[in-house]
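Below is one structure, written out as structure tokens; comments come after it.
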Amino acid sequence: MTLVAIPLFPRFTALDAVGPYEVLQRIPSIDVTFVGHRRGEVRTENGMLGVTCDASFDEIGAPDVVVVPGGVGTRNLIHDEAIRDWLQAVHPTTTFTTSVCTGALLLAAAGLLDGLTATTHWRAADLLNQLGARYVADRVVEHLPQRIITAAGVSSGIDMALRLTELLVDREAAQVAQLMIEYDPQPPFDSGSLAKADAATRARAEEYVRQRR
Numbered sequence: 002m003t004l005v006a007i008p009l010f011p012r013f014t015a016l017d018a019v020g021p022y023e024v025l026q027r028i029p030s031i032d033v034t035f036v037g038h039r040r041g042e043v044r045t046e047n048g049m050l051g052v053t054c055d056a057s058f059d060e061i062g063a064p065d066v067v068v069v070p071g072g073v074g075t076r077n078l079i080h081d082e083a084i085r086d087w088l089q090a091v092h093p094t095t096t097f098t099t100s101v102c103t104g105a106l107l108l109a110a111a112g113l114l115d116g117l118t119a120t121t122h123w124r125a126a127d128l129l130n131q132l133g134a135r136y137v138a139d140r141v142v143e144h145l146p147q148r149i150i151t152a153a154g155v156s157s158g159i160d161m162a163l164r165l166t167e168l169l170v171d172r173e174a175a176q177v178a179q180l181m182i183e184y185d186p187q188p189p190f191d192s193g194s195l196a197k198a199d200a201a202t203r204a205r206a207e208e209y210v211r212q213r214r
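Following this line, the structure appears as structure tokens:
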């Protein structure tokens, strides 16, 4: 079995974690475990949803794959020794170490993205650069020799997980996972990236972010 560890923390973004989980857990040879500072429930960034960590960092010392989600809570973890030390300890033996959204900030804080291009949510681009990475506005960024993959905001974690499935198993397995979750995006609007959203949409997005802090 391929063990995928998804670390959770207070105020994580649900789809950052659950999107990749829904893809990867469809594959019989892949086992997904939610890990954290301690076992037990962790609440999402708005507090509306709780997800259970079934293992602590100390209990998962050699995962095959790490998928670090993002969320408002990442800002508090940039200097957190427990998650930084765990990422630094497990990365040398992972097949892939990955992130979704602002999970990239935690990879960067652990020194795993030094000098590498990487992506994250568009609102965190400057902070990612300050932490030693080089932000690019791509949906998924791969550095296969370094075994690092980063995905942009929230929904891009599904795309990244499909690519990860292809790398871990094969293309057909990824296509099967895509079919099983019926991932066939046909959004009614075309404002899903900063480059496509108009000024009014971007302004309201910033307003909503301020209201939710």
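Residue 2 is where the sequence shown starts when you use the working numbering, and the numbers rise one by one after that. Ideal placement from N, C-alpha and C gives every residue a C-beta, glycine not left out. Since this is a predicted model, take the numbers as computed values, not measurements.
The residue among A119, L78, S30 with its C-alpha nearest the C-alpha of F13 is L78. Taking C-beta separations shorter than 6 Å and ignoring five residues to either side along the sequence, the partners of A162 in its chain run P21, V24, L25, following chain order. Just measuring C-alpha positions, the residue of V210, V67, R140, T75 sitting nearest I159 is R140. Around M181, the same chain offers R27 as residues with beta carbons nearer than 8 Å, after the five sequence neighbours per side are excluded. Rounded to the nearest whole angstrom, the CA to CA distance from G51 to P8 is 14 Å. In the structure shown, I149 falls within a strand segment according to DSSP collapsed to helix, strand and coil. With a cut-off of 8 Å on Cβ pairs, the stretch 36–56 is not in contact with the stretch 93–101, counting fewer than three such pairs. Note that the C-beta distance between A105 and T45 is not below 8 Å. The residue from T118, A125, L195 with its alpha-carbon nearest to that of V142 is T118. With a beta-carbon spacing of about 6 Å, V5 and I31 fall inside the 8 Å limit used to define contacts. Annotation for G116: no alpha helix (DSSP H) segment contains it, and DSSP assigns it neither H nor E.
Taking Q147 as the centre and dropping the five residues before and after it, the same chain places the C-beta of L117 closer than 7 Å to its C-beta, in chain order. Counting every other CB atom within 10 Å of its CB across the protein chains shown gives F10 a total of 16 or more, marking it as buried. Taking D191 as the centre and dropping the five residues before and after it, the same chain places the C-beta of K197 closer than 8 Å to its C-beta, in chain order. Contact annotation: L88 and L108 have beta-carbon atoms nearer than 8 Å. Spatial neighbours of A204 in its own chain (CB-CB distance under 8 Å, excluding positions within 5 residues in sequence) are not present. Going by C-alpha positions, D86 is about 11 Å away from G62. A6: member of the beta strand (DSSP E) spanning 3–8, first to last residue. Boundaries around T166 are those of the alpha helix (DSSP H), 157–169, since no beta strand (DSSP E) includes it. The beta-bridge partner set that DSSP reports for Y22 is empty.
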